[in-house]
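What follows is a set of notes on a single structure, which appears directly below.
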Amino acid sequence: DVKVTQSSRYLVKRTGEKVFLECVQDMDHENMFWYRQDPGLGLRLIYFSYDVKMKEKGDIPEGYSVSREKKERFSLILESASTNQTSMYLCASRTQQSSYEQYFGPGTRLTVT
Amino acid sequence: SQQGEEDPQALSIQEGENATMNCSYKTSINNLQWYRQNSGRGLVHLILIRSNEREKHSGRLRVTLDTSKKSSSLLITASRAADTASYFCATEGGSWGKLQFGAGTQVVVTP
């Protein structure tokens, strides 16, 4: 059974803190993605990684960075959290071949106060 | 930027009725996918339709794709209370499997 796990379901951080969101997949997928989800806006892609140590900016990368040192793990980093980064963060993975679904983690609801 | 736009934004039906939601998109695609999200959870893939396909079925789901109109529809037949969720269309048009999601349709099925 495929599985994508995220380190926390709920997280509360203060403005200016450095925040790490971890995502782990056990499917040996090459591609991994970080999205944020806000009401009325759907999912927006922050960053994605097509292989280990590879990363590409998505649609809204400002204020975020990522790290992929191992194939199964993709980390999202908020260098200095701000209140406008309060959101639901979703991680996903998929195989390299085209036309394959993305598998999502349960999400991390981050609140920055 | 959003590629898919779902319509309606919200839908309320009774158990046993059919639910139809539509998705329009702007640029050419390789495939279009539908996902379901139960309240506060991650997304679950429902069905994928390729750009050279016009219709696809999976259980109680029926998806159509009209590339000339850049639109798709998802039909859920004989809905159940467990179908209560948000439904998102997502288009894949380029490389690396990047998906563009719409804002979603919130479906409530009452017993």
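Protein sequences, first through last, are from chains Z and S.
Residue 1153, in the numbering used here, is where the first sequence stops; the numbers in between run on with no holes.
Residue 120, in the numbering used here, is where the second sequence stops; the numbers in between run on with no holes.
The C-beta atom is built at its ideal place from N, Cα and C for all residues, glycine as well.
Rounding to the nearest angstrom, what Cα-Cα distance links residue i and residue j in this structure?
i       : j       : result
T76/S   : L20/S   : 25 Å
L1051/Z : T1151/Z : 6 Å
R69/S   : A87/S   : 7 Å
L1116/Z : T1148/Z : 11 Å
S1105/Z : W1074/Z : 10 Å
R1157/Z : S1048/Z : With chain Z represented from 1041 up to 1153, any question about residue 1157/Z goes unanswered, as that position is not in the structure.
L55/S   : E62/S   : 16 Å
N39/S   : A1121/Z : 36 Å
K1058/Z : R50/S   : 25 Å
E64/S   : L41/S   : 12 Å
Q46/S   : C98/S   : 11 Å
K1111/Z : T1045/Z : 14 Å
Q115/S  : S81/S   : 17 Å
Going by DSSP in three states, residue i sits in which element: helix, strand or coil?
i       : result
D1078/Z : strand
G103/S  : coil
S10/S   : Model confidence at S10/S stands at a pLDDT of 47, short of 50, so the residue's coordinates are unreliable and nothing is read from them.
Q1137/Z : coil
N1169/Z : There is no way to answer for residue 1169/Z, as the model of chain Z reaches only from 1041 to 1153.
D92/S   : helix
N31/S   : strand
Q1142/Z : coil
Q1125/Z : helix
V72/S   : strand
Out of the options, state which residue places its alpha-carbon closest to the alpha-carbon of residue i.
i       : options                               : result
E1109/Z : D1091/Z, K1097/Z and G1082/Z          : D1091/Z
H1069/Z : P1146/Z, Q1077/Z, K1058/Z and S1089/Z : S1089/Z
I58/S   : A94/S, L74/S and L52/S                : L74/S
D1078/Z : G113/S, V117/S, N39/S and H66/S       : G113/S
R89/S   : G49/S, E15/S, I22/S and Q18/S         : I22/S
G103/S  : K1111/Z, G1098/Z and S1107/Z          : G1098/Z
D92/S   : V117/S, S60/S, W43/S and D16/S        : V117/S
S60/S   : H66/S, W43/S and S37/S                : S37/S
Might you give, ordered along the chain, the residues of its own chain that have their beta carbon closer than 6 Å to the beta carbon of residue i, omitting 5 neighbours on each side?
i       : result
K1043/Z : D1066
Y34/S   : Q12, G13, K79 and T100
Q1142/Z : A1132 and R1134
T119/S  : Q23
E1062/Z : S1047 and S1115
E1096/Z : F1088
Which residues in the same chain as residue i place their Cβ atom closer than 8 Å to its Cβ, once the five residues preceding and following it in sequence are excluded?
i       : result
T1153/Z : V1052, K1053, R1054, T1055 and T1123
I1100/Z : R1076, R1084, L1085 and I1086
E1102/Z : none
Heavy atom of the ligand NAD less than 8 Å from the Cβ of residue i, yes or no?
i       : result
Q1125/Z : With respect to the ligand NAD, the structure shown offers nothing to examine, as it has no ligands at all.
Near residue i, what residues of its chain come up, given a Cβ to Cβ distance below 7 Å and the 5 sequence neighbours on each side ignored?
i       : result
F1060/Z : S1115 and I1117
Checklist entry - Should the stretch 28 to 44 of chain S be called in touch with the stretch 1117 to 1135 of chain Z, which here means at least 3 C-beta pairs below 8 Å? => result Inter-segment contact for the stretch 28 to 44 of chain S and the stretch 1117 to 1135 of chain Z is absent: fewer than three beta-carbon pairs are separated by less than 8 Å.
Next on the checklist: Output needed in chain order: residues of the stretch 18 to 52 of chain S with a Cβ under 9 Å from some Cβ in chain A.
Outcome noted: The structure shown contains no chain A; its protein chains are Z and S.
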